[in-house]
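Worksheet for the structure shown next.
Number of protein chains: 4
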Amino acid sequence: MTISDLADLLDQFANERDWRQYHTPKNLAMALAAEAGELLHLFEWVTPEESENPQEKLLCDASLEMADVLIYLVRLADIMGVDLLEAARRKIDMNANKYPAGVE
Amino acid sequence: MTISDLADLLDQFANERDWRQYHTPKNLAMALAAEAGELLHLFEWVTPEESENPQEKLLCDASLEMADVLIYLVRLADIMGVDLLEAARRKIDMNANKYPAGVE
Amino acid sequence: MTISDLADLLDQFANERDWRQYHTPKNLAMALAAEAGELLHLFEWVTPEESENPQEKLLCDASLEMADVLIYLVRLADIMGVDLLEAARRKIDMNANKYPAGVE
Amino acid sequence: MTISDLADLLDQFANERDWRQYHTPKNLAMALAAEAGELLHLFEWVTPEESENPQEKLLCDASLEMADVLIYLVRLADIMGVDLLEAARRKIDMNANKYPAGVE
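Protein chains in written order, with our numbering: chain A, 3 to 106; chain B, 3 to 106; chain C, 3 to 106; chain D, 3 to 106.
Okay, here's the thing in structure tokens:
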């Protein structure tokens, strides 16, 4: 599956449930941030070191919350006509200029 | 570019800057949520309708914030060994059971 | 009850449960943002107009999520030695300069 | 200054700028979460220990972001008619039942 396949699947899923009307960029940005908040909840009391060696339950819960973030991100990008991977490549180029390698 | 290519690019980028030490799951979850917050900022005062017909600046700013969310999400998944698209597929199956199509 | 009373109550609550060790500013900032995410969840699919005339359940749920945000905010400020109301007054002065009244 | 004084100040501030129209609960919840995201940004790469002994700049920046969170939280509660401190007291009672002191 590619991001594009996932976008198609989500579009079909929303259409079958008559949810397209709720999927404005404003609402989807809220849903995305709310899912990012659920991901935060999983890590709020663990140390950075513990998060590097997660217990099975944490790993499983985190992967489902990451899935939720991806789902709303891909849906938002699809609705707005944004090519996510292309935007990421552009952002990395900007970051490479801002933070040159080999410089403190 | 695929998500896997992006993960490799981000790994190289972090290694060249000696940033791996900061990229614990806990820290990356915070960075991801902070970027989701920047996306929220763009939409906080616009109406849902305005967000459906974004002005050029909003579209451009939103695509860069979405890129930041994707970057931290892909980096987090890579560090934790999570297959994002597979997790999304699993989550969609769970949602299909929870919200059957054709039911109010 | 004042904010200062609330801070004292939270300190006692944490001490009685041996939770002080988890209450670093970093962790509390995560908990605060995670609760802000739960508040977002309540409003993600309602229209701005519907949110102005909330149903009883939404109002009740929202007031408890707001309470959680306040609790972590007051705890964070107490741990860092920040006077929240004084900081808010300072911020409002800054905003008054940035956005003068009577100017578009 | 009390929370109630702050609410009055914010109401006056909004009225003088004709901002009341933007201050729906939905929009204010977004603004609050976006400010919580800015607070996250300040702590994302520091260790929990470093956050306990913040440098002057971090402390100053954090106090202004906390002020922003308080401002939107108090404004949201005022618009919705919620007594924040009373809601916090209720939430603490619920938590005391959920997590009795002296129990692991």
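Glycine is no exception: its CB is placed at the ideal position from the N, C-alpha and C atoms.
Cα-Cα, which of C:Gln-23, C:Leu-60, C:Pro-27, C:Arg-19 is closest to Pro-27 (chain D)? C:Leu-60
Quick check: the Cα distance between Ala-79 (chain C) and Thr-49 (chain C), rounded to an integer number of angstroms? 33 Å
Just to make sure I have the definition right: I need the residues of chain D whose C-beta is within less than 8 Å of the C-beta of Ile-49 (chain A). Which are they? According to the sequence provided, residue 49 (chain A) is Thr. The question's Ile does not apply to it. What Thr-49 (chain A) touches in chain D: Pro-50.
Can you say whether Tyr-74 (chain A) is buried or exposed, counting buried as having 16 or more other CB atoms within 10 angstroms of its CB? buried
Grouping DSSP H, G and I as helix and E and B as strand, with all else coil, what is Tyr-101 (chain A)? coil
Checking 8 Å against the spacing of the C-beta atoms, do Leu-86 (chain D) and Ile-5 (chain D) come in under that value? yes
Using a beta-carbon distance below 8 Å, is Asn-29 (chain C) in contact with chain D? yes
Any Cβ of chain D within less than 8 Å of the Cβ of Glu-54 (chain C)? yes
Coil, strand or helix - Gly-39 (chain B) by DSSP: helix
Which of the three DSSP states, helix, strand or coil, is assigned to Asn-17 (chain C)? helix
Cβ closer than 9 Å: which chain A residues qualify as neighbours of Ala-35 (chain D)? Met-32, Ala-35, Ala-36, Gly-39
With distances taken from CA atoms, which of C:Asn-99, C:Gly-104, C:Asp-63 is nearest Lys-93 (chain D)? C:Asp-63
For chain D, check one thing: does any of its Cβ atoms lie closer than 8 Å to the Cβ of Phe-45 (chain B)? yes
From Ala-98 (chain A) to Ala-33 (chain A), what does the alpha carbon distance come to, in whole angstroms? 30 Å
Which residue wins for smallest C-alpha separation from Ala-47 (chain D), given the options B:Gln-23, B:Leu-41, B:Gln-57, B:Arg-77? Note on identity: in this sequence residue 47 (chain D) is Trp, with Ala being the wrong assignment. Ranking B:Gln-23, B:Leu-41, B:Gln-57, B:Arg-77 by Cα distance to Trp-47 (chain D) puts B:Gln-23 first.
At 7 Å on the CB atoms, spell out the chain B contacts of Tyr-24 (chain D), in chain order. Trp-47
Pop quiz: His-25 (chain C) and Ala-35 (chain C) are said to be a contact at Cβ under 8 Å. What is the actual Cβ separation, rounded to whole angstroms? At roughly 15 Å, the Cβ-Cβ gap does not stay under 8 Å, so His-25 (chain C) and Ala-35 (chain C) are not in contact.
In this structure, does DSSP put Pro-50 (chain B) in helix, strand or coil? helix
Is Asp-85 (chain B) helix, strand or coil by DSSP? coil
For Leu-30 (chain D), tell me which candidate among D:Ile-81, D:Gly-39, D:Glu-18, D:Ser-53 has the shortest Cα-Cα distance. D:Ile-81
Do we get a CB-CB distance below 8 Å when we pair Leu-78 (chain D) with the residues of chain B? no
Interface residues of chain A around Leu-42 (chain C) at Cβ under 9 Å? Met-32, Ala-33, Ala-35, Ala-36, Gly-39
Closest Cβ-Cβ distance between Asp-70 (chain D) and chain G: below 8 Å? Protein chains A, B, C and D are contained in the structure displayed, whereas chain G is not.
Restricting to Cα atoms, I'd like to know which of D:Ala-9, D:Glu-52, D:Asp-20, D:Leu-11 is closest to Gly-104 (chain C). D:Asp-20
Going by beta-carbon coordinates alone, are Met-68 (chain C) and Ala-89 (chain D) separated by less than 8 Å? yes
Nearest to Met-96 (chain B) by alpha carbon, out of A:His-43, A:Asp-70, A:Lys-100? A:Asp-70
Test item: CB-CB of Ala-9 (chain B) and Ala-38 (chain A) under 8 Å: no
Between the beta-carbon of Leu-12 (chain A) and the beta-carbon of Val-84 (chain A), is there less than 8 Å? no
Quick check on Asn-29 (chain B): does DSSP put it in helix, strand or coil? helix
I want to see whether chain D comes within less than 8 Å of Ser-65 (chain C), judged by CB atoms only; does it? yes
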